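Single-structure report; data block below.
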Amino acid sequence: MRSSILKYNPRAMRSLKKSVVRLTTLFYLYEIYPNATYPAEISRNTGIDASNIIGALRGMSKRYSDDASLVKMGLVEVIEEDGIKYYRISEEGRKMVEFLKMHMKGGAYGPIIIR
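Okay, so the sequence shown: first residue is 157 according to the numbering used here, each after it adds one.
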């Protein structure tokens, strides 16, 4: 199964391995699914600065590559209502988190802490 998920989206796996912020953001969105939320709420509940959350979600110049953002990789979807952007984990994102929870317990993905 591991090879199938890596073959399915190796860029997403690499991006999540390189960024605790991306990984924590994705896990938080998984926990609140099917609800959508905004970056400030993710920040409050994870203890990560809101600007870093925004970078993980949609990219931010040099610190967070746009191509490796959760939205661009299809792991998170944007829902816009009345000019406000909300973020919700996508079906692909849910599958990725379920894979990580099942196959990487105690490994690099074990220490994800959500307040």
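From the three backbone atoms N, C-alpha and C, an ideal C-beta is built for every residue, glycine too. Values in this document were obtained by computation on a predicted structure and should not be read as measured data.
In the DSSP assignment, I245 falls outside any alpha helix (DSSP H) and within the unbroken beta strand (DSSP E) covering I240 to I245. Where I235 is concerned, the enclosing beta strand (DSSP E) starts and stops at V232 to E237. Classified as exposed, V234 has fewer than 16 neighbouring CB atoms from the shown chains inside 10 Å of its CB. Here the C-alpha atom of L172 lies approximately 5 Å from the C-alpha atom of L179. For the options D238, G230, E187 and L226, the alpha carbon positioned closest to that of V177 is the one of L226. Per DSSP, T180 has no beta-bridge partner at all. In the DSSP assignment, Y220 forms a beta bridge with M216. Only exposed fits A196, as fewer than 16 other CB atoms lie within 10 angstroms of its CB.
Rounded to the nearest whole angstrom, the C-alpha separation of N165 and K257 is 17 Å.
Spanning the alpha carbons of A192 and Y242 requires a straight line of approximately 6 Å.
Proximity to K174 across Y220, Y194, L185 and H259 peaks at Y220, based on C-alpha coordinates.
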